[in-house]
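Residue numbers (our numbering): 105 to 172. Everything below concerns the one structure shown next.
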């Protein structure tokens, strides 16, 4: 199966996120993995860096929401 478009995966660094990213990438989807765990995002980027069509770029995004 080839998936068109781009899929945003929230929580991509833990739980089902990494497995979901791997499966969707295998099906041809373009992915935007999102997560709060920077080390986990680096692991995902490293994992897909060997894929011939992969391009990985990590971009930090910070929010202005105050902690409660």
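We treat Cβ as the ideally placed atom computed from N, Cα and C, and that holds for glycine.
Task: Sheet register partners of residue 117 (DSSP bridge) - done: Beta-bridge pairing links residue 117 to no other residue.
(Q) I'd like the ranges of any beta strand (DSSP E) spanning at least 3 consecutive residues and lying wholly in the stretch 115–155. (A) Segments of the beta strand (DSSP E) lying fully in the stretch 115–155: 134–138.
Practice task
Rank 124, 155, 132 and 138 by C-alpha distance to the C-alpha of residue 165 and give the top, closest one.
Solution key: From the listed residues 124, 155, 132 and 138, the smallest Cα separation to residue 165 is found for 138.
Subject >> Backbone CA spacing between residue 84 and residue 124 [nearest angstrom] >> reply: A question about residue 84 goes unanswered here, because the residues of the chain that appear run from 105 up to 172.
Separation of residue 131 from residue 115, as counted between CA atoms: Going from the Cα of residue 115 to the Cα of residue 131 covers about 20 Å.
How about residue 117 and residue 145: do their beta carbons lie closer than 7 Å? A contact, by the Cβ cut-off of 7 Å.
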